[in-house]
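Protein sequences, first through last, are from chains A and B. Quick note: the first sequence, position 287, residue 287 per UniProt numbering, numbers continuous. Quick note: the second sequence, position 253, residue 253 per UniProt numbering, numbers continuous.
There are 2 protein chains.
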Amino acid sequence: MTTLAGRGSSPTLDEVAELAGVSRATVSRVVNGSPKVRPEARRAVEAAVAQLHYVPNPMARSLVTRRTDTIALVLSESNAQVFSDPFFARVFRELSESLADTEMNLVLLAARGEREQEKVGRFVRQGHVDGVVLVSPHRDDTLPRMLDEAGVPLVLSGRPPDGRDLCYVDADNTGGARTATEHLLGSGRRRVATVTGPQDMIAGLDRHAGYREALEAAGLPVDERLVAEGDFTEAGGARAMAALLERAPDLDAVFVASDPMAVGALRALREAGRTVPGDVAVVGFDDAAVAATCDPPLTTVAQPLEDMTRLMKELLLSQVEGQEGVRARVCPTRLVRRASA
Amino acid sequence: MTTLAGRGSSPTLDEVAELAGVSRATVSRVVNGSPKVRPEARRAVEAAVAQLHYVPNPMARSLVTRRTDTIALVLSESNAQVFSDPFFARVFRELSESLADTEMNLVLLAARGEREQEKVGRFVRQGHVDGVVLVSPHRDDTLPRMLDEAGVPLVLSGRPPDGRDLCYVDADNTGGARTATEHLLGSGRRRVATVTGPQDMIAGLDRHAGYREALEAAGLPVDERLVAEGDFTEAGGARAMAALLERAPDLDAVFVASDPMAVGALRALREAGRTVPGDVAVVGFDDAAVAATCDPPLTTVAQPLEDMTRLMKELLLSQVEGQEGVRARVCPTRLVRRASA
DNA sequence: GCCGGTCGTGAGAGCGCTTTCACGCCGGAC
DNA sequence: GTCCGGCGTGAAAGCGCTCTCACGACCGGC
Numbered sequence: 001m002t003t004l005a006g007r008g009s010s011p012t013l014d015e016v017a018e019l020a021g022v023s024r025a026t027v028s029r030v031v032n033g034s035p036k037v038r039p040e041a042r043r044a045v046e047a048a049v050a051q052l053h054y055v056p057n058p059m060a061r062s063l064v065t066r067r068t069d070t071i072a073l074v075l076s077e078s079n080a081q082v083f084s085d086p087f088f089a090r091v092f093r094e095l096s097e098s099l100a101d102t103e104m105n106l107v108l109l110a111a112r113g114e115r116e117q118e119k120v121g122r123f124v125r126q127g128h129v130d131g132v133v134l135v136s137p138h139r140d141d142t143l144p145r146m147l148d149e150a151g152v153p154l155v156l157s158g159r160p161p162d163g164r165d166l167c168y169v170d171a172d173n174t175g176g177a178r179t180a181t182e183h184l185l186g187s188g189r190r191r192v193a194t195v196t197g198p199q200d201m202i203a204g205l206d207r208h209a210g211y212r213e214a215l216e217a218a219g220l221p222v223d224e225r226l227v228a229e230g231d232f233t234e235a236g237g238a239r240a241m242a243a244l245l246e247r248a249p250d251l252d253a254v255f256v257a258s259d260p261m262a263v264g265a266l267r268a269l270r271e272a273g274r275t276v277p278g279d280v281a282v283v284g285f286d287d288a289a290v291a292a293t294c295d296p297p298l299t300t301v302a303q304p305l306e307d308m309t310r311l312m313k314e315l316l317l318s319q320v321e322g323q324e325g326v327r328a329r330v331c332p333t334r335l336v337r338r339a340s341a
Numbered sequence: 001m002t003t004l005a006g007r008g009s010s011p012t013l014d015e016v017a018e019l020a021g022v023s024r025a026t027v028s029r030v031v032n033g034s035p036k037v038r039p040e041a042r043r044a045v046e047a048a049v050a051q052l053h054y055v056p057n058p059m060a061r062s063l064v065t066r067r068t069d070t071i072a073l074v075l076s077e078s079n080a081q082v083f084s085d086p087f088f089a090r091v092f093r094e095l096s097e098s099l100a101d102t103e104m105n106l107v108l109l110a111a112r113g114e115r116e117q118e119k120v121g122r123f124v125r126q127g128h129v130d131g132v133v134l135v136s137p138h139r140d141d142t143l144p145r146m147l148d149e150a151g152v153p154l155v156l157s158g159r160p161p162d163g164r165d166l167c168y169v170d171a172d173n174t175g176g177a178r179t180a181t182e183h184l185l186g187s188g189r190r191r192v193a194t195v196t197g198p199q200d201m202i203a204g205l206d207r208h209a210g211y212r213e214a215l216e217a218a219g220l221p222v223d224e225r226l227v228a229e230g231d232f233t234e235a236g237g238a239r240a241m242a243a244l245l246e247r248a249p250d251l252d253a254v255f256v257a258s259d260p261m262a263v264g265a266l267r268a269l270r271e272a273g274r275t276v277p278g279d280v281a282v283v284g285f286d287d288a289a290v291a292a293t294c295d296p297p298l299t300t301v302a303q304p305l306e307d308m309t310r311l312m313k314e315l316l317l318s319q320v321e322g323q324e325g326v327r328a329r330v331c332p333t334r335l336v337r338r339a340s341a
């Protein structure tokens, strides 16, 4: 195959250089915004670039710069449903948006089963991306370690499981759960139950811990009949709530570890004939869109997602630039008061 | 910077060649599975590769092969909510899974606002990917044209808006809607309403058309009071259903153009004191997970999503291989009968 | 008038890989 | 014994870019 200018295959630096009457080096300088180019030459190059519709070949560039100007958001999650999780969707959106006026590209990689994790690992190790933001909600996930050992700039969304010293940004899940529970306690409730998240997920663990902390701080015993595990879905929340009602009919409040589960709990409560917040006060977590629209509107714990995403971006980009700065950041949550508690 | 073997920077072909006592060319042949290598030499190379943990540099390779072994799934959608749409999530999952035992990588690109579309366009035009599967649900989207003109192998998920001759795979939305409506008519209903999808979305349009076709085929007039537009969300479905009930209290059936909307419609119906399917029969579309779990379980139209995804993959890969084969494929839908109609 | 210092530029060496091409080798046909 | 045809191999030419380095032009200071 010969490389014919203007015939399908895109023009190269040399062709631009020839048309502009300068050398390759000068064209490169113009394209990369170097200041050391005479205005006159710059204009000539720019005209040639425009005329030829020149687009630099990123592979050739990466080959020498060792940069790809691309970062990956990787979702490590075997469970299908979590992909459509509003929390994750928002992280992706915010990240994508905040990168939009950068020259950085964002790609999303899914690592479901082990095979896919392996593929993602290879992809990253091969240098396809300059860095990765990793969402790895499960405690026993091996991907954080794999990517860490790949030596690529890495920021976790959510704290790492085993206390590994990885760079991460997380919401203060424990603190948020504590505040939520204290809010319930503060309004005079004494039989405060909880629907936890899956206890093999870090956020599920932390929010559960916050609930217990609040009870202990108030000098109240933790009654295991008041604790039921959900799976972060609406259906699971309804199930857990029903079980709770069965085991502890005298409960007068419940902290539910996610808004979708809280919506399910609301339904179970309604079906059991309990009023909210009259009979049972309910607090959720996440401040998902549904929290404002359900009936009654949900008091919930909001994470500063925008800040968190910005932080992830900044921490990652500074690593990409070669600076090792802050390793971890825990962001405060905020109680959003609505009608349910 | 000097390139020191084994020191951070990964080993190159030459280092492997030297260790194995052969030439670069031979190593390349082994790595790429060429048969023309003596078993003895092959073993030596493989040992060297293993010892050095050699991983080929994909940029260098792409530079000469003009392939990246990566395809993109791009979602062109300004509306945030659609990202967590179960239909899209499934397409992504299926595609990812079916590519898992290929050497092809899959990345997801989001093209929300115009800026992001521009970025995705540039990304693709620069040759970062070998092909793209494009989900572009809106009628007035410019991305299909942009990517088509980029000259990259392209398969749309869903038919293209303006009759452009693009390669696509779609469900038979019109046929499915017709079948659904006929089912309602066949069970003796005579005042069959519809909650349509947004009329600036292709699926919304097609499903609406199917509804009208069925009525016309049955010799029934289309009563515009029986038509309300939803937005493919549960809340929107509830709103539209309420409006329908207001305008045409005598309706006895409704075809709802998506399952989430149908769930909302079910709620509105319940709140209005109508029984389902006693007073009003309801048929949804998509056979989403929620259709089987809601109350009553939803009769709905299922798309052969697995087949469709496989087709997209095959059509795209054959384009990548340079074959121009089938351009379009419309897959038949199937009515799933449950309790609601 | 000479000298040191910018400043803009171009030649050229690589980045790590694939791939063509030519060459030496060996087995079989004559 | 000679000749031919594979077969395995290595040398070398790129792929399109960046970046160092050297060089000429031009400036002001003495």
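Just so you know, even glycine gets a beta-carbon here, dropped at the ideal spot from N, CA and C.
Quick one: any contact between the region 169-185 of chain B and the region 224-239 of chain B, if contact means 3 or more CB pairs under 8 Å?
no
B/R275 vs B/R337 beta-carbon contact at 8 Å:
Before going further, note that residue 275 of chain B is Thr rather than Arg in the sequence given. Not a contact, by the Cβ cut-off of 8 Å.
Tell me whether the region 298-313 of chain A and the region 175-185 of chain A touch, counting them as touching only if at least three CB pairs, one residue from each stretch, are closer than 8 Å.
yes
Tell me whether A/R239 is buried or exposed, calling it buried when 16 or more other Cβ atoms sit within 10 Å of its Cβ.
Classification of A/R239: buried, given that the 10 Å Cβ count is 16 or more.
So the candidates are B/P160, B/G236 and B/L226; which of them puts its Cα closest to the Cα of B/G197?
B/G236
Would you kindly check if the distance between the Cβ of A/A193 and the Cβ of A/L269 is under 8 Å?
No, the Cβ-Cβ distance between A/L269 and A/A193 is not below 8 Å.
Is DSSP giving A/A20 helix, strand or coil here?
A/A20: helix per DSSP, three-state reduction.
Beta carbon of A/V120, beta carbon of A/L109: below 8 Å?
Contact flag set, yes.
One or two residues paired with A/E229 in a DSSP bridge:
A/T196
Which class does A/F92 belong to by DSSP, given the choice of helix, strand or coil?
helix
What is the residue span of the alpha helix (DSSP H) that A/N173 lies within?
N173 to G186
Out of B/P137, B/P249 and B/E224, point me to the one whose CA is closest to B/M201's CA.
B/P137
Any beta carbon from chain B within less than 8 Å of A/T293's own beta carbon?
yes
Limits of the unbroken alpha helix (DSSP H) element including B/L245
DSSP places B/L245 inside the alpha helix (DSSP H), whose first and last residues are E234 to R247.
Could you give the first and the last residue of the continuous alpha helix (DSSP H) run that contains A/T293?
A289 to T293
Please state whether DSSP places B/T300 in a helix, a strand or coil.
strand
Proximal chain A residues relative to B/K36, where beta-carbon distance stays under 9 Å
Correct list: empty, because the minimum Cβ distance to chain A is about 22 Å.
Touch check for the region 65-80 of chain A and the region 128-137 of chain A: three-plus C-beta pairs under 8 Å?
yes
Tell whether a beta-carbon distance below 8 Å holds between A/S98 and A/K313.
yes
Can you list, in chain order, the stretches of the beta strand (DSSP E) that have 3 or more residues and sit fully within the region 40-78 of chain B?
70-76
Anticipated Cβ contact below 8 Å, A/G204 with A/A257, distance rounded:
Going by Cβ atoms, the distance from A/G204 to A/A257 rounds to 6 Å, so yes, they are a contact pair.
In whole angstroms, give me the CA-to-CA distance for B/S76 and B/V124.
Rounded to whole angstroms, B/S76 to B/V124 spans 14 Å at the Cα level.
Can you give me, in chain order, the residues of the UniProt domain "HTH lacI-type" (11-65) of chain A that have a beta carbon less than 8 Å from any beta carbon in chain B?
V55, P56, N57, P58, M59, A60, S62 and L63
Could you check the C-alpha separation between A/Q117 and B/E306 for me, to the nearest Å?
Each residue's alpha carbon lies about 22 Å from the other.
State yes or no: is the beta carbon of A/S76 nearer than 8 Å to at least one beta carbon in chain B?
Chain B, which has no Cβ nearer than 8 Å to the Cβ of A/S76, makes this no.
Is there a Cβ of chain B sitting closer than 8 Å to that of A/A328, yes or no?
no
How would you label A/G325, buried or exposed, when you count the other beta carbons within 10 angstroms and need 16 or more for buried?
Counting Cβ neighbours within 10 Å, A/G325 comes out exposed, since fewer than 16 surround it.
Rounded Cβ spacing between B/L317 and B/R329 (contact assumed at less than 8 Å):
About 14 Å; that fails the 8 Å criterion.
Counting only beta-carbon separations shorter than 8 Å, does A/L109 have a partner in chain B?
yes
Applying a beta-carbon distance threshold of less than 7 Å, which residues of chain A neighbour B/H128?
Taking a Cβ-Cβ cut-off of 7 Å, the neighbours of B/H128 in chain A comprise P58, given in sequence order.
Where do the N-terminal and C-terminal ends of the alpha helix (DSSP H) with A/S318 fall, by residue?
L305 to V320
Could you list which residues in chain B have their beta carbon closer than 7 Å to that of A/A265, in chain order?
The premise fails here: A/A265 is roughly 16 Å from chain B at the closest Cβ pair, so nothing lies under 7 Å.
Run through DSSP, which three-state label would A/V30 get?
helix
Starting from the Cα of A/S78, find the closest Cα among B/P304, B/S96 and B/V254 and give me that residue.
B/S96
How should A/N105 be labelled, buried or exposed, when 16 other C-beta atoms within 10 angstroms of its C-beta is the threshold for buried?
buried
Other residues of its chain near B/M146: CB distance less than 8 Å, five sequence neighbours each side excluded:
Cβ within range, chain order: Q117 and G121.
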